[in-house]
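Participant:
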Amino acid sequence: MKRPAQVLLLVLSGLGLLHASLFSDLCLRYVKEGVRPLLIASGALLLVLGLAAAAFDGRRADDRHGGHDQEREGHHHEHDGHEYEHEYEGHGHEGHGHEGHGHEYGGHGHDHSAAPRIAWLLFLPALSLLFFAPPALGAYTASRAGDQTAAVREQKRFDPLPAASPLPMTLTDFTARVQQDRERGIKGRDIRMTGFVTPGKQGGGWYLTRIIFTCCAADSQSVKVRMYGTAALPANTWVSVTGTWHPRGALGTRSAEAALDVRRATRISQPVNAYTDDLPLTPS
Numbered sequence: 040m041k042r043p044a045q046v047l048l049l050v051l052s053g054l055g056l057l058h059a060s061l062f063s064d065l066c067l068r069y070v071k072e073g074v075r076p077l078l079i080a081s082g083a084l085l086l087v088l089g090l091a092a093a094a095f096d097g098r099r100a101d102d103r104h105g106g107h108d109q110e111r112e113g114h115h116h117e118h119d120g121h122e123y124e125h126e127y128e129g130h131g132h133e134g135h136g137h138e139g140h141g142h143e144y145g146g147h148g149h150d151h152s153a154a155p156r157i158a159w160l161l162f163l164p165a166l167s168l169l170f171f172a173p174p175a176l177g178a179y180t181a182s183r184a185g186d187q188t189a190a191v192r193e194q195k196r197f198d199p200l201p202a203a204s205p206l207p208m209t210l211t212d213f214t215a216r217v218q219q220d221r222e223r224g225i226k227g228r229d230i231r232m233t234g235f236v237t238p239g240k241q242g243g244g245w246y247l248t249r250i251i252f253t254c255c256a257a258d259s260q261s262v263k264v265r266m267y268g269t270a271a272l273p274a275n276t277w278v279s280v281t282g283t284w285h286p287r288g289a290l291g292t293r294s295a296e297a298a299l300d301v302r303r304a305t306r307i308s309q310p311v312n313a314y315t316d317d318l319p320l321t322p323s
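Numbered according to my numbering, the sequence shown spans residues 40 to 323.
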């Protein structure tokens, strides 16, 4: 990879990061909102470094071009006198020696500092951020996740539930209440939750799902609640569901299934905070 390509890679990488984090919300598919300022700073730094390198290379090329002009002028004046010719020949020997003939920049036209050809593959992620963003995590990832309750914390005490009906809840809070709340405060309550559709394995119903980022997509965890009483919508469809706990197992113990008897399921737009398990920031 030649020097101009390296500079272009810096500029494209910077533009790609700024496009994903500053001029759009693409970065939120892969990292938490709190990481966005770091991505913006990184993109700006790469862009500045690329532009500075391009400007430096341009000035260096101008200086070398000016040096060649002076050399040609010296050759022209060789023919004016024998003494000047000998003086210039001594100077010319120094100028055309093994060290002086461009070895600082990889002499004889060979750039020994060039990166290997495989480095051209670095352009793929840079261009993908600009023109083809990788898809967000969704039902495919959730269906292959491990322990579905890993994101649910152990709680010894639960605050009283508000009197609202239906009661807005996150999937993790619902799961914790179903399996840990000895007071069984969720029994008989109308619950409203928001998530996306993950089909069950081998036609086994469907799940309302949230994927939660601790930092980024690499450490994501899934939490799923089984849905009963309504046909599954297409995978990755965002829905708001309303219903009551599906009585299976002993409520308030680990034997209770995190499940809902659905009375109503409504399609919604993906919320801004799609990769947290907070209540949605968009109306549902």
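Note that the Cβ used here is the ideal one computed from N, Cα and C, for glycine as well.
#1: Tell me aspartate 300's beta-bridge partners as DSSP assigns them.
#2: The beta strand (DSSP E) spanning proline 238 covers which residue range?
#3: Please report the straight-line C-alpha distance between proline 201 and isoleucine 225, rounded to a whole angstrom.
#4: Output yes or no for whether 9 Å exceeds the beta carbon distance between arginine 257 and leucine 67.
#5: For leucine 61, which residues from the same chain have a beta carbon less than 6 Å from its beta carbon, with the 5 sequence-adjacent residues on both sides left out?
#6: Excluding five sequence neighbours on each side, which residues of the same chain lie with their C-beta closer than 6 Å to the C-beta of leucine 51?
#7: What first and last residue would you give for the beta strand (DSSP E) that runs through threonine 248?
#8: Taking DSSP's pairing of strands, which residues face proline 207 in a bridge?
#9: Between which two residues does the alpha helix (DSSP H) containing arginine 68 stretch?
#10: Suppose the cutoff is 6 Å on Cβ atoms and the five residues either side in sequence are ignored; what does the same chain contact list for serine 323 look like?
#11: Only counting the same chain, and skipping five residues up and downstream in sequence, which positions put a Cβ closer than 8 Å to that of proline 273?
#12: Which first and last residues belong to the alpha helix (DSSP H) in which glycine 53 is found?
#13: What is the DSSP secondary structure of glutamine 218, counted as helix, strand or coil?
#14: Rounded to a whole number of angstroms, what is the C-alpha to C-alpha distance between phenylalanine 213 and glutamate 222?
#15: Roughly how many angstroms separate the alpha carbons of arginine 249 and alanine 92, rounded to a whole number?
#16: With a cut-off of 8 Å on the beta carbons, I'd call leucine 48 and phenylalanine 162 a contact; round off their distance for me.
#17: Taking the straight line between their C-alpha atoms, what separation do you get for aspartate 317 and phenylalanine 95?
#18: Would you mind working out which of Val217, Ser261 and Gly243 sits nearest alanine 184, comparing C-alpha positions?
#19: Please return the same chain residues whose Cβ sits closer than 6 Å to the Cβ of methionine 208, not counting the five positions on each side in sequence.
#20: Quick check on this structure: which residue in Arg302, Cys254, Ser259 and Ala297 has the alpha carbon closest to the alpha carbon of glycine 73?
#21: Going along the chain, which unbroken runs of the alpha helix (DSSP H) with 4 or more residues stay wholly within the stretch 155-193?
#22: Quick one: grab the DSSP three-state call for valine 87.
#23: Taking threonine 283 as the reference, which of Asp300, Leu160, Arg103 and Leu56 has the closest Cα?
#24: Could you check if leucine 292 is buried or exposed, using at least 16 other CB atoms within 10 Å of its CB as the buried criterion?
#25: In its own chain, which residues sit with a C-beta less than 6 Å from the C-beta of glutamine 219, not counting the 5 before and 5 after it?
#26: Roughly how many whole angstroms lie between the Cα atoms of alanine 304 and leucine 290?
#27: Helix, strand or coil for serine 81 per DSSP?
#28: Pull up the distance between the alpha-carbon of serine 63 and that of glutamine 309, whole angstroms please.
#29: In angstroms with no decimal places, state the Cα-to-Cα distance between valine 264 and valine 311.
#30: Within a Cβ cutoff of 8 Å, which residues of the same chain sit near alanine 172, ignoring the five residues on either side of it in sequence?
Facilitator: Let me spell this out:
#1: Under DSSP, aspartate 300 takes part in a beta bridge, and its partners are Tyr267 and Thr283.
#2: Per DSSP, proline 238 is one residue of the beta strand (DSSP E) stretching across 230-238.
#3: One alpha carbon belongs to proline 201, the other to isoleucine 225, and they sit about 11 Å apart.
#4: First, the amino acid is wrong: residue 257 is alanine here, not arginine. Against a cut-off of 9 Å, the Cβ pair of leucine 67 and alanine 257 comes out as no contact.
#5: Result list for leucine 61: Ile79, in chain order.
#6: Counting only Cβ-Cβ distances below 6 Å, and skipping sequence neighbours, we find Ala165.
#7: Looking at the DSSP string, the run of the beta strand (DSSP E) that includes threonine 248 is 245-251.
#8: Note: proline 207 sits in a beta bridge opposite Arg231.
#9: Element bounds for arginine 68: n/a, residue is neither H nor E.
#10: Note that serine 323 scores a pLDDT of 45, beneath 50, so its modelled location is shaky; the value from the coordinates is reported in the next line. A distance below 6 Å between beta-carbons, with the five flanking residues on each side excluded, links serine 323 to the following residues of its chain, in chain order: Thr233, Ser279 and Ile307.
#11: Answer for proline 273: Val236, listed in chain order.
#12: Annotation: the continuous alpha helix (DSSP H) that includes glycine 53 extends over 42-60.
#13: Correct three-state label for glutamine 218: helix.
#14: Straight-line spacing of the CA atoms in phenylalanine 213 and glutamate 222 works out to 14 Å.
#15: In this structure, the straight-line span from the alpha carbon of arginine 249 to that of alanine 92 is close to 44 Å.
#16: That belief holds up - the Cβ atoms of leucine 48 and phenylalanine 162 are roughly 6 Å apart, short of 8 Å.
#17: Using only the alpha carbons, I get a separation of about 49 Å.
#18: For alanine 184, the closest C-alpha among the options Val217, Ser261 and Gly243 is that of Ser261.
#19: Once the five neighbours on either side are set aside, the close Cβ partners of methionine 208 are Ile230 and Met232.
#20: When only C-alpha atoms are compared, the closest one is Cys254.
#21: Correct list: 162-170 and 178-182.
#22: Helix at valine 87.
#23: The option with the nearest alpha carbon to threonine 283 is Asp300.
#24: Strictly speaking, residue 292 in this sequence is threonine, with leucine absent from that position. Around the beta carbon of threonine 292, a 10 Å sphere encloses fewer than 16 other beta carbons of the protein chains shown; the residue is thus reported as exposed.
#25: The answer, listed in chain order, is Gln194.
#26: For alanine 304 and leucine 290, the distance between alpha carbons rounds to 24 Å.
#27: When DSSP states are grouped into helix, strand and coil, serine 81 belongs to the helix group.
#28: Straight-line Cα distance between these residues: approximately 15 Å.
#29: Their backbone Cα atoms lie some 21 Å apart in a straight line.
#30: By the criterion of a C-beta distance shorter than 8 Å, alanine 172 is surrounded in its chain by Ala59, Leu65 and Arg68, once the five residues flanking it on both sides are discounted.
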